Structures are given as C-alpha cells and as structure tokens.
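Enquirer: Here this note's numbering is used: the sequence shown runs in plain steps of one and ends on residue 279. We put the CB at the ideal spot given by N, CA and C, even for glycine. Given the structure is predicted, the values throughout are model-derived calculations rather than measurements. Take a look at this one; I'll ask things after.
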Amino acid sequence: LASKPAFSLRWPVLTAACLVFVVLLAEHFDISIRWQADYHTGPGERRTVELPDRSIATLNTQTAIALSYDGTARRIRLLKGEMFLNVRHDAERPFVVESADTAVRAVGTAFVVRTDPGGDRITVLEGTVEVESKAKTGSPVAVTAGSQIQVEPHHLGRPQAIDVTTASSWLRGRLVVQNVPFVQVLEELQRYHGGRILLLNRQVGDIKVTGTYNVDDPVGALALLLQTVPLSTISLADRLVILF
C-alpha cells in the first residue's frame, strides 16, 4: 500500500466552511421537493409502501414520489431518487411512472426506476415495460426482464442485458461493485451518507474497486472503501468527510 500523501490542512478547512453553506442550500431545495411528495425517504433510509391499487413501492435513499390515481390511470411522479415497483395487474388502468425526462408504462411487472441530474435508468426484473423519452427523441422502447435502459434528456438508449441481482442489491441493503472506478463508488455511497463527502485528491479517482458494501451502515461502508486507496481523512461528526 502506497504511503499517504502529505497535505496542508488549510484547504480542507476552507473547503469545510464553504460546504456548510452548500449543505444548507441543498437541504432547502430538498424541503421544496418534500412538499410535493406523498412519500419520501431521507439519507440511508429505505421504505416500502402499499399503493392505493395494492401495488408495492420500495423507495431507496433520498427518494420522493407523488401519486395521481383515478378511474382511468395510475400515475407516479418520481421527483427524486430511486424506487422499486411490483405492479399489480389492472388492464383497465395503465400504470405509468414519470420523471422529468421519462415515462415508463407497465401493466403487471417488477422494475426499478432511478432518476439523476444526467438522466434516468430503468431496470426490469420481471415482465416488460415500455419506456418513452418525454423529449420525443424516438419511438417508445420495450424493455424486458433482465435488461436495463438509460434515458438522457435528449437521447433514448437501447436495452442492455445486465445482472439484475447486482443492479437491485440495494433492496437487500447492499452496494455490489466490480471493477468500478473509486470515484463512482464514492458517489454511490454519498447517496446513503447523512453528511457530505468531499474528495480533494482526484488522482485516486480512477482506481478500480471490487467489493460489497453495507449501505445500511454508510459510515462503516465508507471506512471499508477507504481501505482500498491511499487517502487521509478529516471527519466532522460524520456530517462532513474530507478525503485528501
């Protein structure tokens, strides 16, 4: 293991002061999303709810959804985050999940929808869903069990075969990665962490990581991840973690 780099404390401390403002600003915007939501989760929280039609929704960390049910359709707006849906069959009322960029239609199936600033990702565990870009960049695409599709604001991708057990491991409280860059794994753990994680040493970002991490214990998961890279740490009551 390489020796840990020497690093002045000046920049981490200055950065910590700036991050206080960023955290407060982020919490402000999160409150506005929660006002719109019928159900939501906080950092590191997972929640399963029975919907009015007896379909089941499991919300991952930092997720918010709003429901709109009537006699002709069942609609869910994914305002933020990621959710798993086990949809109860009802041929008379289509089941539609909408985000800012995507509409996903299902009748009776099980799938995961995740929305991020750069686009959406839909993973089908059972059955088939129809995915459409709201930008109308192409015809709707059918996505079958064992496949995943990426949707960007102006681009509808093609379904790709994946290991859905790994892709849905968060349902069991796990993050499973294989040969994934350190910075990407860190970004995933950030979703579950109650504070902010700041990586100042970008040189380690491309180091490949393989492992299984317990996202129900994000502090412990971060400690385990940090065993793979030569970094020093400043932690302020787990609300702010600076890596350098």
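When you compare each of Ala-108, Glu-187, Asp-251 and Ala-180 to Arg-209 by their alpha carbons, which one comes out closest?
Expert: Residue 209 sits at position 174 when you count from the first residue of the sequence shown. The shortest C-alpha separation from Arg-209 is found at Asp-251.
Enquirer: Exposed or buried, Gln-253, counting other C-beta atoms within 10 Å across all chains shown (16 or more means buried)?
Expert: Taking the sequence shown and counting its residues from 1, one reaches residue 253 at position 218. The sequence given here places Pro at residue 253; Gln does not occur at that position. Result: buried.
Enquirer: For the alpha helix (DSSP H) holding Phe-217, just list the boundary residues, first then last.
Expert: For the purposes of this step, residue 217 is taken as residue 182 along the sequence shown, with counting starting at 1. For Phe-217, the enclosing alpha helix (DSSP H) has its first and last residue at 217–227.
Enquirer: Please classify Gly-77 as buried or exposed, where buried requires at least 16 neighbouring CB atoms within 10 angstroms.
Expert: Locating residue 77 in the sequence shown gives position 42, where the first residue counts as 1. Exposed.
Enquirer: Got a sec? Which residues, its chain only, sit under 7 Å from Ala-138 by beta carbon, not counting five neighbours each side?
Expert: Position 103 of the sequence shown holds residue 138. For Ala-138, where only same-chain residues beyond five positions count, the Cβ hits under 7 Å are Val-131, Glu-167 and Lys-169.
Enquirer: Among the candidates Lys-171, Ser-174, Val-199 and His-189, whose CA atom is the shortest distance from the CA of Gly-181?
Expert: As a first step, residue 181 is located in the sequence shown; it is residue number 146 there, counting from the start. Answer by Cα proximity: Val-199.
Enquirer: Closer than 6 Å to a non-hydrogen atom of the ligand ATP - does that hold for the CB of Glu-127?
Expert: What this structure holds is no ligand at all, so the ligand ATP is not there to describe.
Enquirer: Can you check which of these residues, Gly-162, Pro-175, Ala-177 and Leu-113, is closest to Asp-151 by C-alpha distance?
Expert: In the sequence shown, the residue the question calls residue 151 occupies position 116. Out of Gly-162, Pro-175, Ala-177 and Leu-113, Leu-113 has the C-alpha closest to the C-alpha of Asp-151.
Enquirer: Can you tell me the Cα-Cα spacing of Arg-274 and Gly-255, whole angstroms?
Expert: Position 239 of the sequence shown, counting from 1, holds the residue named residue 274. Position 220 of the sequence shown, counting from 1, holds the residue named residue 255. Whole-angstrom Cα-Cα distance: 14 Å.
Enquirer: For Asn-249, I'd like the list of residues in its chain whose CB is within less than 7 Å of its CB, leaving aside the five on either flank, ordered along the chain.
Expert: Position 214 of the sequence shown holds residue 249. Closer than 7 Å at the Cβ level, and outside the excluded window around Asn-249, lie Gly-208, Arg-209, Gly-255 and Ala-256.
Enquirer: Under 8 Å, with one C-beta from each stretch per pair, do the stretch 238–249 and the stretch 187–203 reach the 3-pair mark?
Expert: no
Enquirer: Only counting the same chain, and skipping five residues up and downstream in sequence, which positions put a Cβ closer than 8 Å to that of Thr-263?
Expert: As a first step, residue 263 is located in the sequence shown; it is residue number 228 there, counting from the start. Phe-217, Ile-242, Val-244 and Gly-246.
Enquirer: Give, in chain order, every unbroken run of the beta strand (DSSP E) that is at least 3 residues long and sits entirely within the stretch 146–194.
Expert: Within the stretch 146–194, the complete beta strand (DSSP E) segments of 3 residues or longer fall at 154–161, 163–168, 176–179 and 182–187, listed in chain order.
Enquirer: Should the stretch 152–163 be called in touch with the stretch 182–195, which here means at least 3 C-beta pairs below 8 Å?
Expert: yes
Enquirer: Go ahead and pull the three-state DSSP assignment for Ala-101.
Expert: Reading the sequence shown from its first residue, position 66 is the one you call residue 101. Ala-101 falls in the strand class under three-state DSSP.
Enquirer: Ordered along the chain, which non-local residues of its own chain (more than five positions away) have a Cβ less than 7 Å from that of Arg-128?
Expert: The residue labelled residue 128 in the question sits at position 93 within the sequence shown. Short of 7 Å from the beta carbon of Arg-128, and not among the five residues preceding or following it, lie these beta carbons of its own chain, in chain order: Thr-107, Ala-108 and Arg-109.
Enquirer: Using the three-state DSSP reduction, which class does Ile-66 fall into: helix, strand or coil?
Expert: Here residue 66 corresponds to residue number 31 of the sequence shown, with the count starting at 1. Reduced to three states, the DSSP call for Ile-66 is helix.
Enquirer: Using a Cβ-Cβ cutoff of less than 8 Å, which residues in the same chain neighbour Ala-101 once the five nearest sequence positions on both sides are dropped?
Expert: Here residue 101 corresponds to residue number 66 of the sequence shown, with the count starting at 1. Contacts found: Gln-71, Ala-72, Asp-73, Ile-111, Arg-112 and Leu-114.
Enquirer: What whole-angstrom Cβ distance do Leu-191 and Val-211 have, given they're in contact under 8 Å?
Expert: Translated into positions along the sequence shown, residue 191 becomes position 156. Translated into positions along the sequence shown, residue 211 becomes position 176. No, Leu-191 and Val-211 are not in contact; Cβ-Cβ is about 27 Å, not under 8 Å.
Enquirer: Nearest-angstrom Cα distance between Pro-87 and Tyr-104?
Expert: Working through the sequence shown from its first residue, we reach residue 87 at position 52. Working through the sequence shown from its first residue, we reach residue 104 at position 69. C-alpha separation (whole angstroms): 8 Å.
Enquirer: Report buried or exposed for Thr-179, applying the criterion of at least 16 other Cβ atoms within 10 angstroms of its Cβ.
Expert: Here residue 179 corresponds to residue number 144 of the sequence shown, with the count starting at 1. Looking at its Cβ environment, which holds fewer than 16 other Cβ atoms inside 10 Å, Thr-179 is exposed.
Enquirer: With distances taken from CA atoms, which of Leu-234, Leu-94 and Ala-126 is nearest Gly-79?
Expert: Translated into positions along the sequence shown, residue 79 becomes position 44. It is Leu-94 whose Cα lies nearest to the Cα of Gly-79.
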